[in-house]
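Engineer: Here it is, the structure, as structure tokens.
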Amino acid sequence: MKNILIIFFLLGAVTLSSCDKEYGTFYSDNRPVVPVTFPGATTYGFNPYITHSIASGGDITFTMSIPENSGRTIREITKVVGGATAINAGSVNSAVVGGTGSTAAYNTAVIPGNGTTATFTTNLTEFAAKTGEAAKTDANKLIKSGGELAFMFLVTLDNGETIIPVQVRVRLVQ
Numbered sequence: 001m002k003n004i005l006i007i008f009f010l011l012g013a014v015t016l017s018s019c020d021k022e023y024g025t026f027y028s029d030n031r032p033v034v035p036v037t038f039p040g041a042t043t044y045g046f047n048p049y050i051t052h053s054i055a056s057g058g059d060i061t062f063t064m065s066i067p068e069n070s071g072r073t074i075r076e077i078t079k080v081v082g083g084a085t086a087i088n089a090g091s092v093n094s095a096v097v098g099g100t101g102s103t104a105a106y107n108t109a110v111i112p113g114n115g116t117t118a119t120f121t122t123n124l125t126e127f128a129a130k131t132g133e134a135a136k137t138d139a140n141k142l143i144k145s146g147g148e149l150a151f152m153f154l155v156t157l158d159n160g161e162t163i164i165p166v167q168v169r170v171r172l173v174q
């Protein structure tokens, strides 16, 4: 019993003495000084999303916005990565605009901004061609009722600062 008390006392002492909060780059929430939002997207849950009908077709459009009082403007959407929901910030960093294969960015040229907003537009046909979706078998297709497409962006501000906003999704319905 005496040994157990000594062990608990030592365990408690170690626990109390090792509780320094050292939050650094990888242990804190890294929020940009200028936040990027997606007006018109539903933000229920974590990733903003829009709903798109497969049957009606048409364009898929995301508008990005930064606060007008930030003192910054969006110069361009430098890179776009599209695919399944597994894409992440690493996918954006490694993508090559105008590249081919798995490292190719979705966009072939930068998309200019318009003041505090920038708009990205695509459609399901373009998505299928640029992501290899057209070659997939039916069981693995993303373009189906209940499917989710994901996009991530590298946004460049007028001062050269770059921001990678959260992933945005397109929820597909029939």
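Heads up: the sequence shown at position 76 corresponds to 76 in the UniProt record's numbering, and the numbers run straight through without jumps. In this text, a Cβ means the ideal position worked out from N, Cα and C, and glycines have one as well.
1. Give me the residue from T51, N88, N107, I87 with the minimum Cα distance to V96.
2. So within the segment 92-143, which uninterrupted alpha helix (DSSP H) runs reach at least 4 residues, ignoring any that extend past its ends?
3. Indicate the three-state DSSP secondary structure (helix, strand or coil) for T51 in the structure shown.
4. Give me the Cα-Cα distance between K79 and F8, rounded to the nearest whole angstrom.
5. Between which two residues does the beta strand (DSSP E) holding M152 run?
6. Following the continuous beta strand (DSSP E) through I77, name the residue where it begins and the one where it ends.
7. Among R169, M1, L10, which residue has its Cα nearest to the Cα of residue 185?
8. Please report the distance separating the alpha-carbon of T103 from that of A128.
9. Provide the residue(s) that pair with I87 in DSSP beta bridges, ordered along the chain.
10. Can you give me the C-alpha to C-alpha distance between G71 and T61, rounded to a whole angstrom?
11. Bridge partners of V173, per DSSP?
Structural biologist: Looking at the atomic coordinates:
1. As a first step, residue 96 must be located in the sequence shown, where it is residue number 96. Closest option to V96, Cα to Cα, is N107.
2. 124-131
3. As a first step, residue 51 must be located in the sequence shown, where it is residue number 51. Residue state, collapsed to three classes: strand.
4. One-based indexing of the sequence shown puts residue 79 at position 79. One-based indexing of the sequence shown puts residue 8 at position 8. Their Cα atoms are separated by approximately 54 Å.
5. On the sequence shown, position 152 is the one that residue 152 refers to. 148-157 is the extent of the beta strand (DSSP E) around M152.
6. The residue labelled residue 77 in the question sits at position 77 within the sequence shown. Looking at the DSSP string, the run of the beta strand (DSSP E) that includes I77 is 74-83.
7. The structure shown does not extend to residue 185, since the chain is modelled only from 1 to 174, so the question has no answer here.
8. Within the sequence shown, the letter at position 103 stands for residue 103. Within the sequence shown, the letter at position 128 stands for residue 128. Cα to Cα, T103 sits roughly 16 Å from A128.
9. Counted from its first residue, the sequence shown places residue 87 at position 87. For I87, DSSP records no beta bridge to any residue.
10. Working through the sequence shown from its first residue, we reach residue 71 at position 71. Working through the sequence shown from its first residue, we reach residue 61 at position 61. Each residue's Cα considered, the two are about 25 Å apart.
11. Here the question's residue 173 lines up with position 173 in the sequence shown. Paired residues: S53.
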